[in-house]
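This report refers to the structure that appears directly beneath it.
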Amino acid sequence: MNRMSSVKKSIITAACIALCVVLPMAFHAIPNAASIYCPMHVPALLCGLVCGWPFGLLCGIAGPFLSSLLTGMPPMAYLPAMVVELAAYGFVAGLLMSVVHTRSLYADLYISLVAALVAGRILAGCAKALIFSAGKYSLAAWTTSYFITALPGLVIQLALIPSLVFALEKARLIPVRYDGNEH
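With this note's numbering applied, the sequence shown corresponds to residues 650 to 832, in that order.
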């Protein structure tokens, strides 16, 4: 596998941070779309998977902050937990992509992606329960907001993100992870 330069990783990270601002705006006309489709999650996860954990972590922190600053989305009340969640997504996705090597790009992506989705939701739920909404946040609220309401977003993330990474590889915009046809 060829390595990607820090400059290229920085450019991709900047594009993903910009997508954290633009994608929620595109969904704004749909009531409750951010909670249902989770548009900001896709760029943070993609950045971690493609650029590695330091860049994924940066995207997960900077994306929601910049979006909140420029558009008011997410609102300040939701921002801290969202930063924890997206930072965990970028960090875990990138970290696992660096250590998981099954010789199948899709297997590597799904292992890293599912683990990142679970870790981010658990960490954000813990942060809400223990820090941001201490005493006012329940297991039922966590399950409802992070899994039931967000189910369409989870399906989109699991279907779209691996396909995006594969397409970026095919277009030679990112280095090929495995030589041959192990996809």
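Using N, Cα and C, we set each Cβ at its ideal position, and we do this for glycine too.
Coil, strand or helix - residue i by DSSP
i: V748; result: helix
i: Y738; result: helix
i: T798; result: coil
i: P692; result: helix
Beta carbon of residue i nearer than 8 Å to that of residue j
i: A808; j: L772; result: no
Distance between residue j and residue i (C-alpha atoms, nearest Å)
i: A682; j: M689; result: 11 Å
i: D757; j: V767; result: 16 Å
i: S753; j: P673; result: 32 Å
i: T798; j: C775; result: 18 Å
i: L745; j: V670; result: 26 Å
i: G701; j: A783; result: 32 Å
Residues of its chain near residue i, where Cβ-Cβ distance is below 7 Å and the 5 sequence neighbours each way are ignored
i: R652; result: P824
i: V749; result: D757, I760 and S761
Neighbourhood of residue i by C-beta, 8 Å cutoff - its chain only, sequence neighbours within 5 removed
i: S655; result: none
i: A675; result: P688
Residue-chain proximity (residue i, chain C), Cβ-Cβ < 8 Å
i: L672; result: The chain inventory of the structure shown lacks chain C, comprising one protein chain alone.
Residues near residue i by beta carbon distance below 6 Å, same chain, minus five either side
i: G769; result: E734, A737 and Y738
i: A711; result: I666
Nearest-angstrom Cβ-Cβ length linking residue i and residue j, presumed shorter than 8 Å
i: G697; j: A765; result: 7 Å
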